[in-house]
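Number 167 in the numbering used here belongs to position 164 of the sequence shown; there are no gaps in the numbering.
Just so you know, even glycine gets a beta-carbon here, dropped at the ideal spot from N, CA and C.
Notes follow the structure.
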Amino acid sequence: MDFRSDNTASVAEEIMAAITAANVGTAAGYGDDDITRRLQPAYSELFETEVRVFPVLTGTVANALSASVLSPPWGAIFAEAESHINQDECGAPELFTGGAKLIALEGRGGKIPPEELRRRLAAAGQGFVHAAQPAAFSVTQTSEAGAVYSAAEIAELSAIAKESGLGVHMDGARFANAVAALNDGNESVSPADLTWRAGVDVLSFGATKNGALGAEAIILFRTDLAEEMSFRHKRAGQLASKMRYISAQLAAYIEDGLWLRLADHANRMCAQLADGLGALDAVSLDAFGGANELFVELPGETVVALREEGFEFYDWPEVIAAEIGRRSSIRLVTRHDTRESEVEGLIAAVKRLAG
């Protein structure tokens with residue numbers, strides 16, 4: 004039973020069907036096909052404003068290219084210390100910006116405290132020729148710790164960034180899970196509320212973790228950046244010759260609310276897991292943010308035994324390995340195709356093994 008990551012998930016049937024449907028006849032190459040052309044109005048409708056959409060193959064290149072249109076080579080990009088853009092992109096943001104510096108912000112409860120951003124910007128040396136110049140701020144939604152920012156929280160951080168003239172980027176690899184989580188109740192929050200209305204200029208819009216075969220999108224709310232992005236997009240090898248197959252995924256993903264249904268299922272499976280594990284005395288849970296990631300502390304021997312029984316998950320932090328005789332932290336991630344039987348199976352196993 005696999006709780007390692009939403010990257011291990013299958014392709015959603017609707018998206019696979021869209022790829023198959025696109026595989027009929029011929030179509031213009033390099034994004035001049037009808038499917039790719041329809042992405043602009045479709046995503047503009049979704050976000051309730053004119054946007055420019057650039058399909059890409061990975062989240063890494065989505066983040067790196069987004070950074071490149073917001074920061075010059077001498078710029079500084081502020082991001083949470085554990086964020087993908089800071090920790091897990093193998094220097095891609097630095098490469099595509101031509102050398103911009105990543106500034107790590109200390110998070111709290113999985114989020115960036117506004118006072119931390121304000122403090123670091125005040126000490127950044129703006130206008131000082133010997134310092135990398137503040138250029139961009141990146142926020143991850145859902146965060147690496149599974150926390151979900153409200154629209155008000157995003158707006159507050161964006162306002163602080165823009166006071167210092169920074170562009171605002173959102174890493175939305177799990178954006179769908181955040182939107183679904185914030186709409187799981189009486190509150191109604193739109194994609195627009197969480198992005199451009201809250202001050203976001205560029206969004207890395209994730210789909211691969213939530214049912215796509217391999218497709219992400221860079222969404223520009225600042226359309227004045229589109230011309231520069233078009234050249235950077237091509238130069239980065241992301242202007243696929245048979246773009247229709249990538250675009251078909253992105254089109255199907257948002258059609259009739261599919262993206263939110265898939266994310267809602269993953270979130271509900273995680274909530275069920277949190278409820279079940281949280282009721283066990285031997286288990287300690289970090290605060291559950293409502294999306295599809297759960298961070299759990301268990302006895303080391305329980306972690307070892309779970310793996311021996313075929314359960315798959317990652318140690319978290321990764322440097323902490325399960326050892327007999329002490330407690331270990333693990334991350335559990337649910338997917339759009341996680342079955343309730345998998346969730347109940349894990350809960351039952353932990354109850355049996357941990358007592």
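>> With a threshold of 8 Å, are at least 3 pairs of Cβ atoms found where one atom belongs to the region 76-92 and the other to the region 259-279?
In response: Not touching, per the Cβ criterion.
> For R355, which of helix, strand or coil comes out of DSSP?
Replying inline: helix
> Which first and last residues belong to the alpha helix (DSSP H) in which L68 is found?
Replying inline: Its alpha helix (DSSP H) spans residues 62-73.
> Rounded C-beta distance between D36 and A45? I'm assuming under 8 Å.
Replying inline: Not confirmed; about 14 Å, so no contact.
>> Assess contact between the region 193-210 and the region 64-77, defined as three or more Cβ pairs (one per stretch) separated by less than 8 Å. Is contact present?
In response: yes
> Would you say I249 and G217 are within 9 Å of each other, going by their C-beta atoms?
Replying inline: yes
>> Suppose you measure from the CA of M19 to the CA of R247; what does that come to, to the nearest Å?
In response: 13 Å
> Tell me which same chain residues have a C-beta within less than 8 Å of the C-beta of D267, skipping the five on either side of it?
Replying inline: A183, D187
> Counting Cβ pairs closer than 8 Å, one from the region 328-340 and one from the region 9-29, do we hit at least three?
Replying inline: Contact between the region 328-340 and the region 9-29 is present, with at least three C-beta pairs closer than 8 Å.
> So who's on the other strand from T145, going by DSSP bridges?
Replying inline: Note: T145 sits in no beta bridge, so no partner.
> What's the gap between the Cα of E159 and the Cα of R123?
Replying inline: 15 Å
>> If contacts are defined as beta-carbon pairs under 8 Å, then G113 and A150 qualify, I think. What distance do you get, rounded to the angstrom?
In response: 3 Å
> Rounded to a whole number of angstroms, what is the C-alpha to C-alpha distance between E315 and A351?
Replying inline: Taking the straight line joining both Cα atoms gives about 15 Å.
> Residue range of the alpha helix (DSSP H) that G175 falls in?
Replying inline: Note, G175: premise wrong, no alpha helix (DSSP H); beta strand (DSSP E) at 170-175.
> Are the CB atoms of L120 and L108 nearer to each other than 9 Å?
Replying inline: Yes, these two residues count as a Cβ contact at 9 Å.
> Candidates L276, L265, I222, S233: which alpha carbon is nearest F50's?
Replying inline: I222
> Q252 to A155, Cα distance in whole Å?
Replying inline: Distance between Q252 and A155, taken at the CA atoms: about 31 Å.
> Just reading off the alpha helix (DSSP H) that R41 is part of, what are its end residues?
Replying inline: 37-50
>> Pop quiz: G202 and S161 are said to be a contact at Cβ under 8 Å. What is the actual Cβ separation, rounded to whole angstroms?
In response: 3 Å
> Which residues in the same chain have their Cβ closer than 8 Å to the Cβ of R7, if we skip the five residues on either side of it in sequence?
Replying inline: E315, F316, Y317, V336
>> Quick check on this structure: which residue in E231, R271, L288, K212 has the alpha carbon closest to the alpha carbon of M343?
In response: Sequence check: residue 343 is Glu here, not Met. Nearest to E343 by C-alpha distance, out of E231, R271, L288, K212, is R271.
> Can you name, in chain order, every residue of its own chain whose Cβ lies under 8 Å from the Cβ of D9, other than the five neighbours on each side?
Replying inline: The residues are R177, K212, N213, A269, N295, V336, T337, R338, H339.
>> Would you call the region 298-317 in contact with the region 274-290, where contact means no fewer than 3 C-beta pairs closer than 8 Å?
In response: yes
> Among A103, G175, V299, N180, which one has its Cα closest to the Cα of A220?
Replying inline: Out of A103, G175, V299, N180, G175 has the C-alpha closest to the C-alpha of A220.
>> DSSP has S207 in a bridge; who is on the other side?
In response: S207 pairs with D174, I221.
> Just to confirm, are M4 and G293 a CB contact at a threshold of 9 Å?
Replying inline: No Cβ-Cβ contact shorter than 9 Å links M4 with G293.
> What number of angstroms, rounded off, separates the C-alpha of W319 from the C-alpha of F298?
Replying inline: 8 Å
> Is it buried or exposed for D278, if we count other Cβ within 10 angstroms and need 16 for buried?
Replying inline: exposed
> E326 to C273, Cα distance in whole Å?
Replying inline: Residue placement at E326 is poorly supported in this model, since its pLDDT is 49, which falls under 50; the coordinates still yield a value, given next. Taking the straight line joining both Cα atoms gives about 25 Å.
> Around the C-beta of F224, are 16 or more other C-beta atoms found within 10 angstroms, so that it is buried, or is it exposed?
Replying inline: buried
> Between the beta-carbon of S167 and the beta-carbon of V192, is there less than 9 Å?
Replying inline: With respect to the 9 Å criterion, S167 and V192 are not classified as neighbours on the basis of their beta carbons.
> Can you tell me whether A324 is buried or exposed, with buried defined as 16 or more other CB within 10 angstroms of its CB?
Replying inline: Any answer about A324 is weak, because its pLDDT of 47 lies below 50 and its placement is not dependable; what the coordinates show is given next. So A324 ends up on the exposed side.
> If we ignore side chains and look at the alpha-carbon of each, how far apart do R310 and V353 end up?
Replying inline: Straight-line spacing of the CA atoms in R310 and V353 works out to 11 Å.
>> In whole angstroms, give me the CA-to-CA distance for Q43 and Q129.
In response: 36 Å
>> Quick check: what's the CA-CA separation for E312 versus E345?
In response: 13 Å
> Where does K245 fall in DSSP's three states?
Replying inline: coil
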